[in-house]
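A short write-up of the structure that comes next.
Numbering (this note's numbering), first residue to last: 34 to 492.
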């Protein structure tokens, strides 16, 4: 009996020793890469112009709460904030998150050796949540991007940053999922996020996510939390996407993305049967903008896009990042299912309007809009009906305006105010000028193809 128990203990000890030996040791990795990681202190002044817009009904609760967390933090005026970043060139180019430095009046960068620099904004990209900074320095330590797409679910990853201001904290975990689609406040989803269980907290934003070779595989961007701290759901921007964004910001100060000109939705089992699809997958085209790349490439409403640029489209959210990554003017192969048959097309992708350069952006957000708090433009006609569509599309909503209180969103198409049909911006301007104060007026608009009636009141 004694011999048997001794043998069991010995085998257990050997098993535990092997398990411990298989776990990675991060000490050398941290010593090598930490000098290129920086802490970013940011000062703000004045009032945020971030629009408080309602989200779509189909947005999952987890993403709705994540966006609310971001909004509550970013709407506080006269604040001091912090984040993380890292050096990508020895002459002082630094990457961080857009939301860390958005509308900053002063940006200070601190290194592990206590050196401090004042940074200037080179460019920022809201859609990818990335920003490029520049400091005056030479022979600075740098980090290298992992350019190969070989990151897999279950792989070990490591993060270094300044959570809650605790400089150069190191956390580790594994990749939980790839290609997570998280809509922004404007319902855009151009980033296929890397999901990890690495402990990321406020202050880690903009910091690097490493693989075991010490290369940057992602930039930590967002967390989901009910408490404000990490619960093991963190999201990082893939290195390949970040590298493309940084190159564009460095050369032009803005980012241009591919644009297709379609409205899309998911395919469920009932739709799959009605469309003669073998599987419930792909992006169902619900509308095509006239003279858009999709229209010129012969894509039609009712088509299901199952492959774009030789990449499979499983869910509708897979398509926007694939389109955005194509350089404007590029010709790409597209596979669609039409009437139950696969059809191969070639589409020349156009350019999606990039964010305004910094000098133009600062003046844009200070505008109050019209009496409703709106800036609108004539809508481009969509092939949603035989007669097309007329109206004005909302480009900007001023904070605390009548439009915001009515729940309007950027991208809504106003087609009626009171009893007046709105066919152009000229008619819209005339109607708004004549609207009474302190009296509700009916407003009809289209949101993602659905007609909505509400009331709007000028206070």
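From the three backbone atoms N, C-alpha and C, an ideal C-beta is built for every residue, glycine too.
**Prompt:** Per DSSP, which one or two residues make a beta bridge with residue 227?
**Reply:** Taking the first residue of the chain shown as 1, we reach residue 227 at position 194. Bridge partners of residue 227: 269.
**Prompt:** Any idea if residue 56 is buried or exposed, counting beta-carbon neighbours within 10 angstroms, 16 or more meaning buried?
**Reply:** Here residue 56 corresponds to residue number 23 of the chain shown, with the count starting at 1. Looking at its Cβ environment, which holds fewer than 16 other Cβ atoms inside 10 Å, residue 56 is exposed.
**residue 366 classed as buried or exposed, judged by whether at least 16 other C-beta atoms fall within 10 angstroms** = Start at 1 with the first residue of the chain shown, and residue 366 comes out as number 333. Classification of residue 366: exposed, given that the 10 Å Cβ count is below 16.
**Request:** Can you check the stretch 310-352 for any alpha helix (DSSP H) of at least 4 residues that lies completely inside it and give the ranges in chain order?
**Result:** Correct list: 326-329.
**Message:** I'd like to know whether the C-beta atoms of residue 269 and residue 295 end up nearer to each other than 9 Å.
**Reply:** For this step, residue 269 is matched to residue 236 along the chain shown. For this step, residue 295 is matched to residue 262 along the chain shown. No, the Cβ-Cβ distance between residue 269 and residue 295 is not below 9 Å.
**Prompt:** Just how far apart, CA to CA, sit residue 303 and residue 314?
**Reply:** On the chain shown, residue 303 is found 270 positions in, with the first residue counted as 1. On the chain shown, residue 314 is found 281 positions in, with the first residue counted as 1. Their backbone Cα atoms lie some 12 Å apart in a straight line.
**Request:** Give a yes or no on whether the C-beta atoms belonging to residue 168 and residue 151 are separated by under 9 Å.
**Result:** The residue labelled residue 168 in the question sits at position 135 within the chain shown. The residue labelled residue 151 in the question sits at position 118 within the chain shown. Contact: yes.
**Message:** Quick test of your reading: residue 201 and residue 161, contact by CB under 8 Å. State the CB separation rounded to the nearest angstrom.
**Reply:** One-based indexing of the chain shown puts residue 201 at position 168. One-based indexing of the chain shown puts residue 161 at position 128. Going by Cβ atoms, the distance from residue 201 to residue 161 rounds to 25 Å, so no, they are not a contact pair.
**residue 462 in three-state terms, based on DSSP** = Position 429 of the chain shown holds residue 462. Helix.
**Message:** Here's the rule: buried if 16 or more other CB atoms are within 10 angstroms of the residue's CB, otherwise exposed. What is residue 228?
**Reply:** To locate residue 228, count along the chain shown from 1; it is residue 195. Counting every other CB atom within 10 Å of its CB across the protein chains shown gives residue 228 a total of 16 or more, marking it as buried.
**Prompt:** From 368, 406 and 132, pick the residue whose C-alpha is nearest to that of residue 490; which is it?
**Reply:** Position 457 of the chain shown holds residue 490. Among 368, 406 and 132, the Cα nearest to that of residue 490 belongs to 406.
**Request:** On a CA-only basis, which of 446, 205, 155 and 143 is nearest residue 71? Give me that one, please.
**Result:** By 1-based counting over the chain shown, the position of residue 71 is 38. Looking at the Cα atoms, 143 is the closest of the given residues.
**Asked** Expressed to the nearest angstrom, what Euclidean distance is found between the alpha-carbon atoms of residue 422 and residue 317?
**Response** As a working mapping, residue 422 is identified with position 389 in the chain shown. As a working mapping, residue 317 is identified with position 284 in the chain shown. A direct Cα-Cα distance of roughly 21 Å separates residue 422 from residue 317.
**Prompt:** When you compare each of 280, 241, 61 and 275 to residue 191 by their alpha carbons, which one comes out closest?
**Reply:** Within the chain shown, numbered from 1, the residue matching residue 191 stands at position 158. Nearest C-alpha to residue 191: 241.
**When 488, 478, 363 and 457 are compared against residue 471, the one with the closest alpha-carbon** = Start at 1 with the first residue of the chain shown, and residue 471 comes out as number 438. Checking every option, the nearest Cα to that of residue 471 belongs to 488.
**Request:** Measuring alpha carbon to alpha carbon, tell me which of 353, 336, 333 and 335 ends up nearest residue 342.
**Result:** Counting from one through the chain shown, the residue named residue 342 turns up at place 309. For the set 353, 336, 333 and 335, the Cα lying nearest the Cα of residue 342 is the one of 353.
**Prompt:** Based on Cα-Cα distance, which residue from 385, 359, 339 and 345 lies nearest to residue 375?
**Reply:** What you label residue 375 is simply residue 342 of the chain shown in a count that begins at 1. Per the Cα distances, 339.
**Request:** Work out the CA separation of residue 255 and residue 336 for me, nearest whole Å.
**Result:** Against the chain shown, residue 336 aligns to sequence position 303. Against the chain shown, residue 255 aligns to sequence position 222. Our two residues, residue 336 and residue 255, have alpha carbons roughly 34 Å apart in a direct line.
**Message:** Per DSSP, what are the beta-bridge partners of residue 158 in this structure?
**Reply:** If you number the chain shown from 1, residue 158 lands on position 125. The partner list for residue 158 (beta bridge, DSSP) reads 163.
**Request:** Report buried or exposed for residue 392, applying the criterion of at least 16 other Cβ atoms within 10 angstroms of its Cβ.
**Result:** Counted from its first residue, the chain shown places residue 392 at position 359. Bear in mind that the predicted position of residue 392 carries a pLDDT of just 36, short of 50, making it unreliable; the figure below should be weighed with that in mind. Result: exposed.
**Request:** Could you tell me which residues DSSP puts in a beta bridge with residue 126?
**Result:** As a first step, residue 126 must be located in the chain shown, where it is residue number 93. According to DSSP, residue 126 bridges with 167.
**Asked** Helix, strand or coil: which one does DSSP assign to residue 115?
**Response** On the chain shown, residue 115 is found 82 positions in, with the first residue counted as 1. Under the three-state reduction of DSSP, residue 115 is assigned to strand.
**Asked** Taking the alpha helix (DSSP H) that residue 302 falls in, what are its first and last residues?
**Response** As a working mapping, residue 302 is identified with position 269 in the chain shown. Element bounds for residue 302: 302-307.
**Request:** Leaving aside the five residues before and after residue 134 along the sequence, list all residues of the same chain whose C-beta is less than 8 Å from its C-beta, in chain order.
**Result:** For the purposes of this step, residue 134 is identified with residue 101 of the chain shown, where counting begins at 1. The residues are 73, 75, 116, 140, 154, 157, 164 and 166.
**Asked** Just checking my contact of residue 232 with residue 263 at CB under 8 Å: how many whole Å lie between their CB atoms?
**Response** Along the chain shown, read from residue 1 onward, the residue named residue 232 stands at position 199. Along the chain shown, read from residue 1 onward, the residue named residue 263 stands at position 230. The C-beta distance from residue 232 to residue 263 rounds to 4 Å, short enough to meet the 8 Å contact threshold.
**Asked** Which residues in the same chain as residue 33 place their Cβ atom closer than 8 Å to its Cβ, once the five residues preceding and following it in sequence are excluded?
**Response** Nothing in the structure corresponds to residue 33, since the chain is present only between 34 and 492.
**Prompt:** Is it the case that the Cβ atoms of residue 239 and residue 125 are separated by a distance below 9 Å?
**Reply:** Here residue 239 is taken as the residue at index 206 of the chain shown, counted from 1. Here residue 125 is taken as the residue at index 92 of the chain shown, counted from 1. The Cβ-Cβ distance between residue 239 and residue 125 does not fall below 9 Å.
**Coarse secondary structure for residue 197, derived from DSSP in three states** = In the chain shown, counting from the first residue as 1, residue 197 sits at position 164. Three-state result, residue 197: helix.
**Asked** Looking at C-alpha atoms only, which residue of 312, 432, 170 and 274 is the closest neighbour of residue 290?
**Response** The count along the chain shown starts at 1 and reaches residue 290 at position 257. Per the C-alpha coordinates, the member of 312, 432, 170 and 274 positioned closest to residue 290 is 274.
**Asked** Which of helix, strand or coil does DSSP assign to residue 488?
**Response** On the chain shown, residue 488 is found 455 positions in, with the first residue counted as 1. Collapsing the DSSP output to three states places residue 488 in a strand.
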